[in-house]
Structure formats: structure tokens, C-alpha cells
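Let me begin by presenting the structure, written as C-alpha cells, before commenting on it.
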Amino acid sequence: MKNPNDISNELMLKYLSDTVTTEEREAMEAWMAESEENSKYIQQLKSLWANAESFSLLDSIDLEENWKGVQGKLNKHEAANNRIFWRVAAAVIFIVSAAFLVKSLMYTAPQQMIFTAQQQTDITLPDGTLVTMKEGATLKYPEEFGNERRVEFEGEAFFEVERDTERPFIIEADDTETLVLGTSFNLKTATSYSG
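Counting along the sequence shown from 1, when you hit position 44 you're at 80 in our numbering, and nothing is skipped either side.
Listed below in C-alpha cells is the structure:
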């Protein structure tokens, strides 16, 4: 079935009021012959038309003008909905952008501390681990430890690792990782032998 909108309102009105040309009548009849639903639709309109003709008030109503008014109101409603949509979209974008900006301003990347001993030196790490570094040793560690306690080391030092079974202490040295949970030991990297 063609949508009744595929046939103009003017043609339907002319057909119902029997003021169509021969070509227009043939077009309407062809449209009604396309499906039983089209034919039923026109029959319902004819019945309504016949009942409405008894009212003289109908003669004074400009159906085309009224139809244009209804379409205008529908278009205004659609435009209002579009404005609301764009306002909501703009508000969401603003809120997400503001949240991202606030988060990025408040978050600062953890600072890395790098220490190279000029002489034998004791350093206490953020978790309480004590490192006694020999001259020339280098230790790189974060200002604060997260889920793991990871440091980079080169040279020679004695480590007294604070015990924490939840967060292992990891030392990266000479392309190897040494993982401990809490103990004391001396560590000497291969680079400490050269020199």
C-alpha cells in the first residue's frame, strides 16, 4: 500500500467532492487498485465525507489551509525538539570536558627520584626500606610506591627491605629483576666492576 501521503491532499479532496479531471480520477482509481488497504482507506474517507457534507460548516473550512497550519505546528515542534537535543548534547560535552580538565589538573604523574652517591650514603625509601649505597652507585625510585615497589639500581649497595607481602620489592639491575618481600642483602651490578 502506498502511504496516503503519496497522493496529494488536494487530489483526495477533489476526488471526494467529485471535481476531479479524467486523468486525476484514473490516477486515484489506479492507486486504489494497488491494494485493498488503499481502497478501504478511500471508502472510509468517502463515508466520512458523506456524513460531513450534511454540515454546512464544512463549506466554510479551508482544509488545505488548515492542513498547512497543522504541518507548520508539527515542524515547529520538531524544531523545538532539535533545539533541546542540541542543548543537552552541548551540556554533556561541557560536563565531560570539565571533568577531564579537572582530573588532568589534579593528577600529577609520580615523580621519579634519582640519586647517585658521591660517597657511602644511607637512603630511606618511601616504604621504609633502607639502602646503604657505595660511592658511585645510582638508585632511581618513585616519590611514592603504588601496588608494587619497583626501583632501578646500578652499582653496589646493601638493602634492608621493609617487609610487605602484598607489595613485592623489585630491583631492576643489569637487565634482571630481583624480587623480594622483605630481607637484607648486598647487591653489586656488573657495571660496578668496570671502572
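Yeah, the Cβ is synthetic: ideal placement off N, Cα and C, and Gly gets one too. All values reported here derive from a predicted model rather than from experimental measurement.
Under the DSSP definition of a beta bridge, which residues are partnered with residue i?
i, result
"T214", "I207"
"Y196", "The residue asked about is misnamed: residue 196 is Glu in this sequence, not Tyr. The partner list for E196 (beta bridge, DSSP) reads L166, S220."
"F151", "L175"
Report all residues from its chain with a CB closer than 6 Å to the CB of residue i; omit the five preceding and five following residues, and keep chain order.
i, result
"M37", "The predicted model places M37 with a pLDDT of 44, which falls under 50 and marks its position as unreliable, so this point remains unresolved."
"E208", "E188"
"V216", "V197, F205"
"G231", "Low confidence applies to G231: its pLDDT is 49, below 50, so where it sits in the model is not reliable enough to give any reading."
"I43", "W67"
Which residue comes first and which comes last in the alpha helix (DSSP H) that contains residue i?
i, result
"T157", "From DSSP, T157 is part of no alpha helix (DSSP H) but of the beta strand (DSSP E) over 157-160."
"R61", "58-70"
"K50", "45-52"
Apart from the five residues just before and just after residue i, which ones in its own chain have a Cβ nearer than 7 Å to its Cβ?
i, result
"E100", "N45, E46"
"G218", "V197, E198, R199, D200"
"R203", "F181, N183, E184, R185"
"E171", "A153, Q154, Q155, Q156"
"Q148", "K176, P178"
"I78", "M68"
The beta strand (DSSP E) spanning residue i covers which residue range?
i, result
"K224", "220-224"
"R185", "185-190"
"F181", "Segment: none, F181 is in no beta strand (DSSP E) and carries neither H nor E."
"T55", "Run containing T55: none; DSSP gives neither H nor E here."
What's the C-alpha gap between residue i and residue j?
i, j, result
"A127", "Y177", "42 Å"
"E59", "Q107", "28 Å"
"S83", "K76", "11 Å"
"F292", "L141", "Outside the displayed span of the chain (37 to 231) sits residue 292, for which this structure offers no information."
"F221", "I150", "21 Å"
"N111", "N118", "10 Å"
"E213", "T168", "19 Å"
"L166", "F130", "48 Å"
"G105", "H113", "12 Å"
"A115", "V132", "26 Å"
Spatial neighbours of residue i within its chain, please: C-beta separation below 8 Å, excluding the five flanking residues on both sides.
i, result
"R61", "Y51"
"T225", "F189, E190, G191, E192, A209, D210"
"L81", "M48, L52"
"W103", "N45"
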